[in-house]
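Note that the numbering used here has the sequence shown beginning at 289, numbered continuously upward.
Glycine residues also receive a C-beta, built at the ideal position from the N, C-alpha and C atoms.
Scroll down for the structure; my scribbles are underneath it.
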Amino acid sequence: MGKSNSSRDWTQIYAIYGMEQWQTLVFLLFHAVFFSLLSLLFLLYFESIFHFFQAFLSSPGAARFAAGFSGVVTAISAVCLFFAAANFFYSAGPLHYDMAQRMVGSVNDWSTVKLALDVGCGRGILLNAVATQLKKTGSSGRVVGLDPSKRTTLSTLRTANMEGVGEYVTCREGDVRSLPFGDNYFDVVVSAVFVHTVGKEYGHRTVEAAAERTRVLGEMVRVLKPGGVGVLWDLLHVPEYVRRLQDLKMEDIRVSESVTAFMVSSHMVSFRKPSQHVVGPGEVRLDWRC
289 MGKSNSSRDW TQIYAIYGME QWQTLVFLLF HAVFFSLLSL LFLLYFESIF HFFQAFLSSP
349 GAARFAAGFS GVVTAISAVC LFFAAANFFY SAGPLHYDMA QRMVGSVNDW STVKLALDVG
409 CGRGILLNAV ATQLKKTGSS GRVVGLDPSK RTTLSTLRTA NMEGVGEYVT CREGDVRSLP
469 FGDNYFDVVV SAVFVHTVGK EYGHRTVEAA AERTRVLGEM VRVLKPGGVG VLWDLLHVPE
529 YVRRLQDLKM EDIRVSESVT AFMVSSHMVS FRKPSQHVVG PGEVRLDWRC
């Protein structure tokens, strides 16, 4: 159960972590099957459907085209829905696990890490990857998983024990918009496919939602120690995150190549908090908060 290589069998991943938002997968599969059956009906009863269209269209050619076009659209819809379901299934498990390994690998030296934070730890795939790395290096450090849901944190502790890293993991419920930790507290801060969900009640493309996401980024930077490393993997809004990190004067900002996850583009962003955050002739201290 405690394997940590990136080629881990997907059945093991799902056996330990299950699947979040399984309702979405069921929704996609249901409609994929529905459109498959519908396209099959178009194929088997094409002449009857043709005659049905002919009752509304004067030209037989136009009726045949309408019937054929409708059949093609339903078939293509079925294929697209099956592909979306497969991508969702892969993204929620194997891809999430592989990206967690990449995120852990982007931190150069785990032996000096005493405290790490996973913002929006969810099922604990990334959280346990960090804990496994701490265990491998013989570190005495710990990783804290923060999630808005108490039920989720209790479930995450169970997965940590299943992975054999329970002694390295602490989970707690908390508001990611106002992290319940002091300034300069963690050596490493990570987050995987979570920040884009913050502020979704306002709609993803609204100014209010963007303000909530940048607030979370500001909090991640605030609790990070000077010289500490942050790693973020997320969907949709990565350019927005990069601009905010630049505004906060982060260093070594790196953006990975695009990876398709949950049918959209995703990127991994890593950065380092400057060791010195006193700037300018008047020694004005930067405010990490948003």
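Apart from the five residues on each side of it in sequence, which residues of its chain come closer than 6 Å, Cβ to Cβ, to SER558? Only SER394, VAL519, ARG542 meet the Cβ criterion.
Apply the 10 Å Cβ neighbour rule to TRP310 and answer buried if 16 or more other Cβ atoms are within range, or exposed otherwise. Exposed is the call here.
Roughly how many whole angstroms lie between the Cα atoms of ALA653 and PHE338? Missing from the structure shown is residue 653; the chain here goes from 289 to 578 and no further.
By how many angstroms is the C-alpha of LYS561 removed from the C-alpha of GLY516? It is roughly 6 Å from the alpha-carbon of GLY516 to the alpha-carbon of LYS561.
Do you know offhand how far MET391's Cα is from MET551's? Their Cα atoms are separated by approximately 20 Å.
Buried versus exposed call for ARG573 [16 or more other C-beta atoms within 10 Å across all chains shown]: In this prediction, ARG573 has a pLDDT of 43, which is less than 50 and means its spatial position is unreliable; nothing more can be read from the coordinates.
Distance check for GLU335 and ASP522, CA to CA, integer angstroms please. In this structure, the CA atom of ASP522 is about 49 Å from the CA atom of GLU335.
So, under 8 Å CB-CB, MET387 and MET538 are touching, yes? Tell me the CB distance rounded to an integer number of Å. Not confirmed; about 21 Å, so no contact.
At which residues does the alpha helix (DSSP H) containing SER324 begin and terminate? For SER324, the enclosing alpha helix (DSSP H) begins and ends at 310 to 332.
Sort THR494, VAL530, LEU524 by Cα distance to THR548 and report the nearest one. Taking only the C-alpha atoms, the option nearest THR548 is LEU524.
Pick from ARG460, LYS438, SER428 that is closest to VAL453, judged by C-alpha positions: Of the listed residues, the one whose Cα sits closest to VAL453 is SER428.
Classify CYS368 as helix, strand or coil using the three-state DSSP reduction. Residue state for CYS368 is assigned as helix, using DSSP reduced to three classes.
Could you check how far apart the C-beta atoms of GLU455 and THR420 are, in whole angstroms? I think they sit under 8 Å. GLU455 to THR420, Cβ: 12 Å. No contact.
Quick one, which of ARG465, VAL361, THR494 has its alpha-carbon nearest LEU328's? The shortest C-alpha separation from LEU328 is found at VAL361.
Under a Cβ-count criterion, where at least 16 other Cβ atoms within 10 Å of its own Cβ denotes burial, should PHE376 be classed as buried or exposed? Its Cβ being crowded by 16 or more others within 10 Å, PHE376 is buried.
Measuring straight from C-alpha to C-alpha, what distance separates GLU461 and LEU467? Roughly 10 Å between the two C-alpha positions.
Leaving out five residues on either side along the sequence, give the residues of the same chain with a beta carbon under 7 Å from the beta carbon of LEU369. Contacts found: LEU316, HIS319, ALA320, PHE323.
Nearest to VAL401 by alpha carbon, out of ILE301, ASP475, LEU533? Among ILE301, ASP475, LEU533, the Cα nearest to that of VAL401 belongs to ASP475.
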